Amino acid sequence: MSNPAAADESLMGSPVNEAGESPEVETPLVPEQLKLKADRQFYDSKRNITIAEGNVTARLGEAQIQADRIEFDTGFRTLFARGSVRLQRGNQFFQASVLRYNLVQNDGELDDVYGVIDLEGTPTTPQEAAKKPKVDPSSTEQTSQLSHAEPDSSMACTPFLPPVPDWHPQPWAVTAWGGQMIDAAFGDTFLFNGRMRPEAVMGVGLQKRIARAGPIALELEADLFSHVAKQQRGGEYNQDTPYADLPAQSFGEGVLGIGARLWVQPWLSFSLMEGVSYNTDQSLYEKTFRKNYSQLLNYLGFELEAAVSKDLSLVGRIHHRSGAFGTYGGVTEGSNAYLLGLRYRWGRDLPSFDVAVMPPPDGCPDPDRDQRINPTSLSERLESISLGDGGEPQQHVPLPKSTKAAEITPAEQQALRTAAIQTIDQRVSDIDLTGSFSIERRSGVPIRRLNSSVQDENRFGVVKVPQLKRLGSTKLLNGTISRWRIQANRIRITAKGWQSDRMGFSNDPFTPSQSRIDAEGVIAREQPNGDLLISARRNRLIIDERLPIPVTRRQLIEKEEEIENRWVLGIDNDDRGGLFVGRAIPPITIGNSTELALEPQVLVQRAFSDGGENLGDIFGLEAKLTSRVGGYRLNSEADISSFDGDSFL
525 MSNPAAADES
535 LMGSPVNEAG
545 ESPEVETPLV
555 PEQLKLKADR
565 QFYDSKRNIT
575 IAEGNVTARL
585 GEAQIQADRI
595 EFDTGFRTLF
605 ARGSVRLQRG
615 NQFFQASVLR
625 YNLVQNDGEL
635 DDVYGVIDLE
645 GTPTTPQEAA
655 KKPKVDPSST
665 EQTSQLSHAE
675 PDSSMACTPF
685 LPPVPDWHPQ
695 PWAVTAWGGQ
705 MIDAAFGDTF
715 LFNGRMRPEA
725 VMGVGLQKRI
735 ARAGPIALEL
745 EADLFSHVAK
755 QQRGGEYNQD
765 TPYADLPAQS
775 FGEGVLGIGA
785 RLWVQPWLSF
795 SLMEGVSYNT
805 DQSLYEKTFR
815 KNYSQLLNYL
825 GFELEAAVSK
835 DLSLVGRIHH
845 RSGAFGTYGG
855 VTEGSNAYLL
865 GLRYRWGRDL
875 PSFDVAVMPP
885 PDGCPDPDRD
895 QRINPTSLSE
905 RLESISLGDG
915 GEPQQHVPLP
925 KSTKAAEITP
935 AEQQALRTAA
945 IQTIDQRVSD
955 IDLTGSFSIE
965 RRSGVPIRRL
975 NSSVQDENRF
985 GVVKVPQLKR
995 LGSTKLLNGT
1005 ISRWRIQANR
1015 IRITAKGWQS
1025 DRMGFSNDPF
1035 TPSQSRIDAE
1045 GVIAREQPNG
1055 DLLISARRNR
1065 LIIDERLPIP
1075 VTRRQLIEKE
1085 EEIENRWVLG
1095 IDNDDRGGLF
1105 VGRAIPPITI
1115 GNSTELALEP
1125 QVLVQRAFSD
1135 GGENLGDIFG
1145 LEAKLTSRVG
1155 GYRLNSEADI
1165 SSFDGDSFL
């Protein structure tokens, strides 16, 4: 431990007594357990604080801290560290801008946190960490880890990247429609089979986006159409003379529904709309070509939209009216049309209050640091004062929300982001694909000898892909996680763990992360064996900074943590008709010694090949019942490949 150095006169200044002599200032001794080391140490008598500057290291119980500057109050009850703050607790490594810590209660706060939870080795104490490095220093996160014998002044900084552009900020849209009816059945409209009927459709539609999750959006839609039909040939039903010509007819149609839209490219999207359709008069075509008919029917719209500018787009839609398998008065089929439209989008969504700002720690590039002010509550301000603010006034007033549009286009912003990502040294190489298969075509001269057909089949290949036969029933995700990267605006350190209002987790080695977990209300508790039990009020998986997916609330992070995945992809040509998807439900405990595991399945290939005519035939189930009776273990399994009554029995 280094003894405090003498301070200069400005810091050590004190009132002069009547004799004109300066009273002697008693410099407090640094507690031995802190093991404080620094380039400079001195005592500020005006503020009654001990200051250590330059490559500062100290012990906080079982943790070790490094910083550019640390200030201790009188009695060494609290400390304030700032400038390239690095804190190690076992195999947990944190970087931050500042640390406010109460040495009596063993708790504090870290601001602008970026760190790593390393699960590869056993938890280490600062003394053990100083003996040898725990991690290969070539990895991206390793510059933040304090496992070297000498203090490491480097910081692992997240690169500054332009934000992901908002390609479609407009929530409102109006569409002018025009099209023509076709005599094809619903399925044939996708293949462009059938003949166009002499019935024109004109209309206008209004859309309002009500929810959005990355490239997926939910929309409400209302449409008004006008049908103008010329004389045409009729059908065999509901008229005195079958197939008699139908007179000219005009009527209106109103549609109300909800749709889901998927943007596969910034300029291209697909949409599926479900709702109801009401004709002001009975369509003579539907009346004579359908045994049952109704003015009110179910509506389906399949749509393709291509943007030609930021506000205008061209739209193509299949316009379908039907009875939804007899739901509407026994009607099974209605009518179909092809529609073309010109769509205009306008408006702008209000700023999302769900976006968390997680700035890089002090010591890393941050162009917006001076403009950023963190809003805090009154209790947080009082805690900030009690823990110490480093003698500098803190700004706690939030910035006003601004709805001003970006000055550059989304395409320009995406180009800047792409260029910035390409300059990042990912430090990741030699990536191999696992579980892949190849499709190839071979040709040659067959071997002309006995039993050569089997050899020819093996040599030249068959229609089915051999690799798919080996796929069987496979989990979509598997493997282990050995290191988590974390980032948070603020973390509260306690004696038994830490907690944060909002935190990001990722095990993606690439920067920026292609997938991360956005957690709210995070509480981490250290277990006696060194594991971390982390729970959160809400967890979401963020894919490519666009698509949020809710995930499990509770997560146990332990050594070489295995990825928990319950989705199963399989191929069973014998009983399930080919490709199927399953979901393993968490085991159900019955009593003290019995457990039931269920895996419901959707038989995807059978549903497409059979047309979905029998609903029970496209579902399956695997069940396993395990029980212990005395010293015996009893297993019972059920494999159900259909819930159709005839097939099931």
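Okay, so the sequence shown: first residue is 525 according to my numbering, each after it adds one.
Every residue gets a Cβ at the ideal spot worked out from N, C-alpha and C, and that includes glycine.
Remember, it's a predicted structure, so these values are computed and weren't measured experimentally.
* Asked: Roughly how many angstroms separate the alpha carbons of Ser-795 and Phe-1029, rounded to a whole number?
  -> The residue you call residue 795 lines up with position 271 of the sequence shown. The residue you call residue 1029 lines up with position 505 of the sequence shown. In a straight line, the C-alpha of Ser-795 is about 32 Å away from that of Phe-1029.
* **DSSP bridge partner residues for Asp-1163 (one or two, in chain order)** => Counting from one through the sequence shown, the residue named residue 1163 turns up at place 639. Note: Asp-1163 sits in a beta bridge opposite Glu-1146.
* **For Asp-1141, three-class secondary structure by DSSP** => Residue numbering aside, residue 1141 sits at position 617 when the sequence shown is read from its first letter. Three-state result, Asp-1141: helix.
* To do: State the start and end residues of the unbroken beta strand (DSSP E) segment that holds Phe-604.
  => Position 80 of the sequence shown holds residue 604. 602-613 is the span of the beta strand (DSSP E), which, as asked, contains Phe-604.
* To do: Would you identify the three-state DSSP class for Ser-671, choosing helix, strand or coil?
  => Position 147 of the sequence shown, counting from 1, holds the residue named residue 671. With a pLDDT of 35 at Ser-671, under the threshold of 50, the modelled position of that residue is not reliable, and the figure given next carries that caveat. Correct three-state label for Ser-671: coil.
* Asked: Does the region 793-811 come within contact of the region 821-829, defined as at least 3 CB pairs closer than 8 Å?
  -> Using a Cβ-Cβ distance cut-off of 8 Å, the region 793-811 and the region 821-829 are in contact, since at least three pairs of beta carbons, one from each stretch, lie closer than that value.
* Asked: What are the boundary residues of the beta strand (DSSP E) that Gly-853 is part of?
  -> Against the sequence shown, residue 853 aligns to sequence position 329. Run containing Gly-853: none; DSSP gives neither H nor E here.
* To do: Quick one: using the 10 Å Cβ neighbour count with 16 as the cut-off for buried, is Gly-1155 buried or exposed?
  => Indexing the sequence shown from 1 puts residue 1155 at position 631. With fewer than 16 other Cβ atoms within 10 Å, it is exposed.
* Taking the alpha-carbon positions, what's the Ala-531 to Phe-617 distance? -> In the sequence shown, residue 531 corresponds to position 7, counting from 1. In the sequence shown, residue 617 corresponds to position 93, counting from 1. Residue placement at Ala-531 is flagged as unreliable, the pLDDT there being 38, under the threshold of 50; the coordinate-derived value follows with that caveat. C-alpha separation (whole angstroms): 33 Å.
* Asked: Name the DSSP beta bridge partners of Asp-1096, please?
  -> Numbered from 1 along the sequence shown, position 572 holds the residue referred to as residue 1096. Paired residue(s): Gly-1102.
* Asked: Nearest chain B C-beta to Arg-593 closer than 8 Å, yes or no?
  -> No chain B is present in this structure, which holds just one protein chain.
* To do: Drop a sphere of 10 angstroms on the beta-carbon of Asp-752, count the other beta-carbons inside from all chains shown, and report buried for 16 or more, exposed for fewer.
  => As a working mapping, residue 752 is identified with position 228 in the sequence shown. Correcting the residue type first, residue 752 is Val in the shown sequence and not Asp. It is exposed - the Cβ of Val-752 has fewer than 16 other Cβ atoms within 10 Å.
* **Nearest-angstrom Cα separation, counted from Arg-872 out to Ile-1017** => Taking the first residue of the sequence shown as position 1, residue 1017 is located at position 493. Taking the first residue of the sequence shown as position 1, residue 872 is located at position 348. CA-to-CA, the gap between Ile-1017 and Arg-872 works out to about 40 Å.
* Provide the residue(s) that pair with Glu-726 in DSSP beta bridges, ordered along the chain. => Along the sequence shown, read from residue 1 onward, the residue named residue 726 stands at position 202. Per the sequence shown, residue 726 should be read as Met rather than Glu. According to DSSP, Met-726 bridges with Gly-702, Ser-750.
* In the DSSP assignment, find the unbroken alpha helix (DSSP H) run with Asp-712 in it and report its ends. => In the sequence shown, residue 712 corresponds to position 188, counting from 1. For Asp-712, the uninterrupted alpha helix (DSSP H) run begins and ends at 710-713, by DSSP.
* **Glu-1146 to Glu-1123 span [Cα, whole Å]** => The residue given as residue 1146 occupies position 622 in the sequence shown. The residue given as residue 1123 occupies position 599 in the sequence shown. Cα to Cα, Glu-1146 sits roughly 5 Å from Glu-1123.
* List the residues that DSSP assigns as beta-bridge partners of Phe-618. => As a first step, residue 618 must be located in the sequence shown, where it is residue number 94. Phe-618 is bridged to Leu-611, Gly-639.
* To do: Express the C-alpha separation of Lys-561 and Ile-1015 in angstroms, rounding to a whole number.
  => On the sequence shown, position 491 is the one that residue 1015 refers to. On the sequence shown, position 37 is the one that residue 561 refers to. If you take the alpha carbons of Ile-1015 and Lys-561, they lie about 25 Å apart.
* Check whether the Cβ atoms of Gln-619 and Ala-680 lie closer than 8 Å to each other. => In the sequence shown, counting from the first residue as 1, residue 619 sits at position 95. In the sequence shown, counting from the first residue as 1, residue 680 sits at position 156. In this structure, Ala-680 lies closer than 8 Å to Gln-619 by Cβ.
* Pick helix, strand or coil for Pro-657, following the three-state DSSP scheme. => Translated into the one-based positions of the sequence shown, residue 657 becomes position 133. At Pro-657, the pLDDT of 40 sits below 50, so the modelled position is not reliable and the matter cannot be decided from this model.
* Among Asp-949, Lys-815, Lys-834, which residue has its Cα nearest to the Cα of Tyr-761? -> Against the sequence shown, residue 761 aligns to sequence position 237. Minimum Cα distance to Tyr-761 is reached at Lys-815.
* DSSP state of Pro-934, grouped into three classes? -> As a working note, residue 934 is residue 410 in the sequence shown. In the three-state reduction of the DSSP assignment, Pro-934 falls in the helix class.
* Extent of the continuous alpha helix (DSSP H) to which Thr-812 belongs -> Residue 812 sits at position 288 when you count from the first residue of the sequence shown. Start and end: 808-813.
* Buried or exposed: Met-705, going by 16 or more other Cβ atoms within 10 Å of its Cβ? -> The residue you call residue 705 lines up with position 181 of the sequence shown. Counting other Cβ atoms within 10 Å of its Cβ, Met-705 reaches 16 or more and is therefore classed as buried.
* **DSSP three-state assignment for Asp-764, whether helix, strand or coil** => Working through the sequence shown from its first residue, we reach residue 764 at position 240. DSSP places Asp-764 in coil when its eight states are reduced to three.
* To do: Reducing DSSP to helix, strand and coil, say where Ala-1121 ends up.
  => As a position in the sequence shown, residue 1121 is number 597, starting the count at 1. Per DSSP, reduced to three states, the secondary structure at Ala-1121 is strand.
* Looking only at its own chain, which residues have a Cβ that is under 8 Å from the Cβ of Ile-1109, when we skip the five neighbours before and after it? -> Counting from one through the sequence shown, the residue named residue 1109 turns up at place 585. Excluding positions up to five away in sequence, the list reads Arg-1090, Ala-1121, Leu-1122, Glu-1123, Pro-1124.
* Coarse secondary structure for Phe-1034, derived from DSSP in three states -> Locating residue 1034 in the sequence shown gives position 510, counting from the first residue. In the structure shown, Phe-1034 sits in coil (DSSP, three-state: anything other than H, G, I, E or B).
* Asked: Can you name, in chain order, every residue of its own chain whose Cβ lies under 6 Å from the Cβ of Gly-854, other than the five neighbours on each side?
  -> Taking the first residue of the sequence shown as 1, we reach residue 854 at position 330. The beta carbon of Gly-854 is closer than 6 Å to those of Asn-816 in its chain, skipping five residues each way along the sequence.
* Cβ contact check for the region 690-700 and the region 1021-1040: 3 or more pairs under 8 Å -> No, the region 690-700 does not touch the region 1021-1040.
* **Exposed unless 16 or more other CB atoms sit within 10 angstroms - verdict on Glu-931** => Taking the first residue of the sequence shown as position 1, residue 931 is located at position 407. Answer is exposed; the Cβ neighbour count stays below 16.
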